[in-house]
Amino acid sequence: MVLPVPGGEQAAVFQVFEPKSRVEDTGIGLSGYWFRDQQLGVFLQLQAAFSGTVSGVEYQSLPVSSTGDPVTAREQHGLTIAVGPTWKFNEHVAVYGGLGVGSVSRWEERFDGDLLLSPTGYYHNDAGTSSDLHLTFGSLIRIGDGWVIDAGYGTFSESVHVGLGYSY
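To get our numbering, take the position in the sequence shown, counting from 1, and add 42.
Structure below.
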């Protein structure tokens, strides 16, 4: 994730975020940055959030006989990837911004009390996948001895991400 270009500086950062839309629960991310003083560099960011779990027989779509069966659980997987330029202002501050894509897949678990759709009563169906463009931007602040703090924002999850990493 970090470009091996001589003469530049690299940073790798582990991030966490609390999504406000599209996905739920705490997400994690990993970003790689490459930059030089007063020149354009590049970054690559991957973020993921997983929540819930479903069980039982899997159906690709909701069976007709499921009418009235209550939803008992939900599961979703969200993933974003973004790439863009970086700019290092001085020894302590660099900024980044980029474009990417985000995707979320969802499943719903239901309970069939008559046991027609599953021997245990539990079954789940694919509730769809959605994708959209993702913008992200933020800054890296060096806090000493190579350690950096990353603070940014991503539009797909509508959330702030914070991270800790190392620059070398």
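For glycine and all other residues, C-beta sits at the position ideal for the given N, C-alpha and C. A quick note: this is a predicted structure, and the numbers were derived from the prediction, not measured.
Thr178: first and last residue of the uninterrupted beta strand (DSSP E) it sits in: Tyr164 to Gly186
Decide if the stretch 102-119 is in contact with the stretch 133-140; the criterion is three or more beta carbon pairs, one per stretch, under 8 Å apart. no
Does the stretch 97-115 come into contact with the stretch 79-89, if we say contact requires no fewer than three beta-carbon pairs (one atom in each stretch) closer than 8 Å? no
Would you call the stretch 180-200 in contact with the stretch 152-168, where contact means no fewer than 3 C-beta pairs closer than 8 Å? no
Output the residue ranges of the beta strand (DSSP E) runs that lie fully inside the stretch 134-163 and measure 3 residues or longer, sorted by chain position. 135-153
Between Leu104 and Leu159, what straight-line distance do the alpha-carbon atoms span, to the nearest angstrom? 11 Å
Just confirm the distance between the C-beta atoms of Ala54 and Gly74, as a whole number of angstroms; I'd bet it's less than 8 Å. 5 Å
Whether Gly71 touches Gly155 by CB criterion (8 Å): no
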